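Top to bottom, those sequences are chains F and H.
If you count the first sequence from 1, you need to add 39 to reach my numbering.
If you count the second sequence from 1, you need to add 39 to reach my numbering.
Note that the Cβ used here is the ideal one computed from N, Cα and C, for glycine as well.
Source: prediction; values computed, not measured.
Accompanying notes for the structure given below.
2 protein chains.
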Amino acid sequence: MAVSQTRQQPGTSVAIVGLGLIGGSLGLTLREAGYRITGFARRPAVRRRALDLGAVDVAVAELREVVDAEIIVLAVPVLATQAVLQHLAPHLTSGTVVTDVASTKTQILAWAADLLPASAHFVGGHPMAGKETAGIDHAESTLFRGRTWCIVAPDHTPPEAVAGVTQLATATGALPLTIDALTHDAAVAATSHVPFLAATALADASFTRSEWPSLRPLASTGLRDTTRLASGDALMHRDICVSNRTAILQQLDHFMERLAAFATLIREQDDEQLLAHFERLRTERDRFVAYLDTRRNT
Amino acid sequence: MAVSQTRQQPGTSVAIVGLGLIGGSLGLTLREAGYRITGFARRPAVRRRALDLGAVDVAVAELREVVDAEIIVLAVPVLATQAVLQHLAPHLTSGTVVTDVASTKTQILAWAADLLPASAHFVGGHPMAGKETAGIDHAESTLFRGRTWCIVAPDHTPPEAVAGVTQLATATGALPLTIDALTHDAAVAATSHVPFLAATALADASFTRSEWPSLRPLASTGLRDTTRLASGDALMHRDICVSNRTAILQQLDHFMERLAAFATLIREQDDEQLLAHFERLRTERDRFVAYLDTRRNT
């Protein structure tokens with residue numbers, strides 16, 4: 040096994056529940072960093088693929104076989120997390136740290152508080168990495184490099200549990216960020232969930248119209264890129280909407296107010312204001328892209 | 040000069056008014072196809088650059104010097120087209136064909152009917168190609184390859200005038216599409232103008248909030264791609280909004296209805312419907328991308 044520079048906790052045993060894009064990528068990168076990885080997946084083909092790719096040291100078919108790990112990472116869809124917590128709870132060893140990679144945090148923390156025994160420690164996690172392509176076949180060991188990894192620890196979580204999850208995030212090349220659940224959920228509503236809904240509504244407003252076949256030859260890269268997120272995992276996004284209703288509805292209102300403001304300027308022929316807004320937002324967007332490039336290259 | 044396979048009308052003289060991204064790219068590709076190109080640009084640096092790049096045979100500093108060309112292509116921002124038509128009108132030779140590359144057609148055709156003498160023939164044109172980067176430095180001779188080039192001819196336009204513009208479009212590698220002005224303007228509102236407004240409103244709803252500095256570390260490629268169009272030419276998009284108000288406001292309403300429908304499903308916890316919509320729109324979006332890929336490779 041190669042000894043990498045990011046090696047933090049050689050030999051720490053980690054179990055990953057769910058070997059999709061995120062779980063598979065996590066296994067690849069953590070094994071390179073010296074962790075011992077047990078992976079759980081229901082489907083035999085996924086377990087075989089995880090072993091072939093080197094994403095896990097051991098692949099197990101029974102959920103309860105993951106409980107001996109020092110850290111258990113839940114990498115299943117948001118709503119499935121509840122059932123997995125329920126199944127694991129009675130079998131957990133005292134001191135086990137449980138974390139997750141789900142896109143919303145308030146709901147997950149509430150389930151963990153509800154279901155896990157006091158002797159286990161839950162630390163919410165969320166790596167800001169993904170692709171439209173799902174499944175272990177698209178796993179990459181560099182998926183998390185330069186990305187923010189949110190760490191959301193409930194009050195009274197022992198510092199060593201938080202430190203363990205933070206080290207695991209760091210070992211993937213991600214940049215850990217401690218944040219509270221409400222701030223996290225509002226932020227991802229703005230940066231990820233409402234952009235997905237906008238992409239999907241643009242797809243709906245164009246592709247499903249009866250006139251679409253005659254409009255289609257006029258469509259090009261603009262519509263392709265603004266609708267990209269609509270090709271993402273439908274179940275994951277449904278779960279996100281279900282588990283982050285309040286923050287999403289608030290940000291969706293805010294977005295629709297901005298659209299309505301543009302409609303008003305166009306209708307009232309306030310062409311100067313329209314130009315000023317477009318110029319200002321072009322500058323802000325270019326600044327954001329420069330920020331992303333800087334992070335990706337650090 | 041290389042003789043290319045798309046060579047159609049060797050020796051036809053074309054004048055291009057405005058040597059930005061589109062005008063410059065058009066010069067490059069038409070020269071390769073055997074046309075003789077006169078280019079007009081106000082700024083001396085742009086004229087020099089056009090000559091250096093080989094985008095024009097001759098660069099002229101006076102607008103009236105373009106009138107001897109058989110076809111005059113207007114490649115200036117939408118609202119500037121009116122002033123250029125006004126300046127050219129008194130100097131046009133009988134039989135000259137005038138065309139354009141602007142993003143909206145109803146307004147342009149009205150100006151042309153208003154301003155040009157009956158002895159000149161206007162044929163509206165719109166290549167569906169562009170980038171966020173503006174200016175001749177970004178010109179590419181392959182910019183139009185596989186793209187639709189809309190041809191919008193007013194009633195009673197002589198067939199040879201339409202044929203000349205169609206051959207010019209074909210010579211760039213584009214796919215000419217004859218379409219009426221109202222259908223064109225409704226189509227581009229759906230495929231291009233409202234996606235731009237959505238990208239810009241997403242930028243507004245995120246980047247200009249006071250909380251943005253604390254949200255920013257959670258943003259990634261999703262927000263980058265859905266806001267890409269907001270980095271486009273602000274003046275061009277302002278002109279588009281001004282010259283295509285009706286169609287844009289209609290499509291914007293339609294888009295906001297789709298967003299409101301998603302908000303209702305989320306609020307009323309109709310999670311089954313939400314999943315069904317997301318799955319259907321993912322399929323439609325994947326189908327659209329496959330269509331674009333097929334065209335680009337033809």
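Here's a check: name, in chain order, each residue in its chain whose Cβ is nearer than 6 Å to the Cβ of residue i, leaving out the five neighbours to either side.
i	result
F/Arg103	His130
H/Ala192	Val162, Val201
H/Thr138	Val112, Val162, Gly164, Val204
H/Thr303	none
F/Thr145	Ala220, Asp224
H/Arg184	Gly212
F/Ala168	Leu182, Phe183, Arg186
H/Glu109	Thr51, Ser52
Quick check: the Cα distance between residue i and residue j, rounded to an integer number of angstroms?
i	j	result
F/Gly59	F/Ser180	13 Å
F/Asp224	F/Val117	13 Å
H/Ala315	H/Thr260	25 Å
F/Asp153	H/Phe317	30 Å
H/Val328	F/Arg263	7 Å
F/Thr143	H/Asp309	19 Å
F/Gln206	F/Cys189	12 Å
H/Gly271	F/Arg321	7 Å
F/Ser245	H/Ala84	41 Å
H/Glu311	F/Arg277	9 Å
H/Ala100	H/Leu127	14 Å
H/Val106	H/Thr68	21 Å
H/Val56	H/Arg86	11 Å
H/Arg326	F/Arg82	28 Å
H/Thr132	H/Ala173	32 Å
F/Glu343	H/Glu250	Nothing in the structure corresponds to residue 343 of chain F, since chain F is present only between 40 and 337.
H/Ile218	H/Leu155	22 Å
F/Ile147	F/Pro215	19 Å
Report all residues from its chain with a CB closer than 7 Å to the CB of residue i; omit the five preceding and five following residues, and keep chain order.
i	result
H/Ala89	Leu58, Gly63, Gly66, Gly78, Ala80, Val95, Ala98, Ile175
H/Trp150	Thr120, Gln121, Leu124
H/Leu236	Leu291
F/Ile287	Ala228, His232, Val233, Cys280
H/His177	Leu60, Lys170
Just to confirm my understanding: we take residue i, look at its own chain, exclude 5 residues before and 5 after, and list those with CB closer than 8 Å. What are they?
i	result
F/Ala242	Thr266, Ala269
F/Arg75	Gly50, Thr51, Ser52, Val53, Asp96
H/Arg248	Leu254
F/Pro234	Leu268
F/His160	Gly134, Thr135, Val136, Val137, Thr196, Pro197, Ala200
H/Leu313	Phe301, Leu304, Ile305
H/Gln289	Ala225, Ala228
H/Phe294	Val233, Ala237
H/Ala258	Ser245
On the three-state DSSP scale, how would you describe residue i?
i	result
H/Pro215	strand
F/Gly185	coil
H/Val99	strand
F/Gly78	strand
F/Leu58	coil
F/Ser249	coil
H/Val117	helix
H/Ser64	helix
F/Ser231	helix
F/Ala123	For clarity, residue 123 of chain F is Val in the given sequence; the question names Ala instead. Correct three-state label for F/Val123: helix.
H/Val201	helix
F/Val106	coil
With distances taken Cα to Cα, identify the nearest neighbour of residue i among the options.
i	options	result
F/Thr333	H/Ser282, H/Ile287, H/Pro256, H/Ala300	H/Pro256
H/Thr231	H/Ala141, H/Gly73, H/Leu182, H/Ala300	Note on identity: in this sequence residue 231 of chain H is Ser, with Thr being the wrong assignment. Ranking the options by Cα distance to H/Ser231, first place goes to H/Ala141.
F/Ala72	F/Leu92, F/Val56, F/Ala208, F/Leu127	F/Ala208
H/Leu274	H/Asp107, H/Val115, H/Arg319, H/Val105	H/Val115
F/Pro166	F/His177, F/Ala157, F/Ala210	F/Ala210
F/Ala157	F/Ala178, F/Ala173, F/His177, F/Asp194	F/Asp194
F/Leu331	H/Ala299, H/Leu155, H/Pro252, H/Thr222	H/Pro252
F/Arg284	H/Leu298, H/Gln289, H/Glu307	H/Glu307
F/Asp240	H/Pro215, H/Arg70, H/Glu296	A small fix is needed here, since residue 240 of chain F is Ala in this sequence, not Asp. Per the Cα distances, H/Glu296.
Can we count residue i as close to the ligand MN, meaning its CB is less than 8 Å from some heavy atom?
i	result
F/Thr247	For the structure depicted, the ligand MN is absent and the ligand set is empty, with no information on it obtainable.
Handout entry: Length at least 3, wholly inside the segment 134–171 of chain H: the beta strand (DSSP E) runs in chain order
Key = If we require 3 residues or more, the beta strand (DSSP E) runs fully inside the segment 134–171 of chain H come out as 136–139, 160–166.
Practice task
Just list the alpha helix (DSSP H) runs in the segment 260–309 of chain H, keeping only unbroken ones of 4 residues or longer that don't cross its boundaries, in chain order.
Solution key: Listed in chain order, they are 260–265, 273–282, 284–306.
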